[in-house]
Amino acid sequence: MTSPNIERLVAIMARLRDPKTGCEWDTVQTFETIAPYTIEEAYEVADAIERGDLAELKDELGDLLLQVVFHSRMAEEAGHFALADVITAISDKMERRHPHIFRGQAEGGHHLWEQIKAAERSAKGHESARAVSALEGVALGLPALLRAEKLQKRAARTGFDWPDATGARAKIDEELAEVEAAATHEEREEEIGDLLFAMVNWARKQGVDPEAALRGANAKFERRFRAMEAEAGEAFAGLDLDGKEALWVKAKRG
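Each position in the sequence shown, counted from 1, maps to that position plus 206 in the working numbering.
And the structure:
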């Protein structure tokens, strides 16, 4: 990607955001209204990768890049920073977190990356004159399963973790019993949340990415359900549960 490509995209966004001659939709957007689109575009990138569709990946990466340019333009209009500052910041960060590559230090690797990140979080805490939690920086906007895993990993670095999968597995039984004992909808919702959190922890102890595992389960369900619909045709909706179950069993075999 050459500089003129980025400059063209920046100019397009500036034109779209022009308060007098810009697009009526783009000019009224804010960080808050655009954030959901940013998350959606990131997932569409992941979807293209999972499907192995490189042509689609090129398009989706472009859409995601547009989100970065959009947020940067709004920040520039408010006098905070511009796209060039975003690029400089990430370039500085990558060089800082890879001293063994860019600064000639003999020691490096992922463990050093994590140490540097922790030091950065601590420095930010000192700047804001408050204590820094080990959970600092785990974004609220992450999908719940992914955020649960990240919170657990952060806690584990402090030693707050099961030594093996046994304790995590027992916790699932404990939480399931509490779901069944819940007396109100509010209690049931809270206990199911605890159960899901425990499931994420167990998956983590098994070396399984829970977000990826659930995406796989979703894809499998969708594939089998579509096969059921195709098999039954227009009669599908009118089938009773036994009829649909028979189609499900067939789809699983297929």
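Ideal Cβ placement from N, Cα and C applies to all residues, glycine included. None of the values given here were measured: they were computed from a predicted structure.
Q | Trp231, buried or exposed, once every other Cβ within 10 Å from all chains shown has been counted against 16 | A | exposed
(Q) What does the alpha-carbon distance come out to for the pair Gln321 and Gln358? (A) 17 Å
**Q.** Endpoints, the alpha helix (DSSP H) within which Trp231 is located
**A.** Note, Trp231: premise wrong, no alpha helix (DSSP H); not H, not E.
Q: Could you tell me the distance, in whole angstroms, from the CA atom of Ala376 to the CA atom of Asp370?
A: 11 Å
Q. So what does DSSP say about Asp367, is it helix, strand or coil?
A. coil
Q. So, do the stretch 266-284 and the stretch 224-240 have three or more beta carbon pairs nearer to each other than 8 Å?
A. yes
Q: Would you identify the three-state DSSP class for Glu384, choosing helix, strand or coil?
A: helix
Q. Could you give the C-beta distance for Glu417 and Pro305, rounded to a whole number, given that I count them as a contact under 8 Å?
A. Between Pro305 and Glu417 the Cβ distance is about 31 Å, and since that is not below 8 Å, they are no contact.
Q: Would you be able to state if there are at least three C-beta pairs under 8 Å between the stretch 242-255 and the stretch 264-276?
A: Contact check between the stretch 264-276 and the stretch 242-255: three or more CB pairs, one atom from each, fall below 8 Å, which counts as touching.
Q: Under 8 Å by Cβ, that's how I've got Lys458 and Arg430 pegged, so tell me the actual separation to the nearest angstrom.
A: 6 Å
Q: Consult DSSP for Glu256 and reduce its assignment to one of helix, strand or coil.
A: helix
Q | Three-state secondary structure assigned by DSSP to Phe287 | A | In this structure, Phe287 counts as coil in the three-state DSSP scheme.
Q.
Would Leu402 and Ala354 be called neighbours here (beta carbons separated by less than 9 Å)?
A. Yes, these two residues count as a Cβ contact at 9 Å.
**Q.** Rounded Cβ spacing between Glu397 and Glu381 (contact assumed at less than 8 Å)
**A.** 7 Å
Q: Identify which residue in Ala217, Asn424 and Glu451 has its Cα closest to the Cα of Glu435.
A: Answer by Cα proximity: Glu451.
Q.
Using CA atoms only, rank isn't needed, just tell me which of Ala248, Ile378 and Gly373 is closest to Ala263.
A. The identity of residue 263 in the sequence shown is Leu, whereas the question assumes Ala. It is Ala248 whose Cα lies nearest to the Cα of Leu263.
(Q) According to DSSP, is Asp400 part of a helix, a strand, or is it coil? (A) Looking at Asp400 - three-state DSSP - the assignment turns out to be helix.
**Q.** CA-to-CA distance, Leu346 to Ser209, given in whole angstroms
**A.** 34 Å
Q: Grab me the residues of Leu215's own chain with a C-beta within less than 8 Å of its C-beta, minus the 5 sequence neighbours each way, in chain order.
A: Leu271, Leu272 and Val275
Q | Whole-angstrom distance between Val344 and Ile245, CA atom to CA atom | A | 15 Å
Q) Can the beta-carbon of Leu453 be found closer than 9 Å to that of Glu437? A) yes
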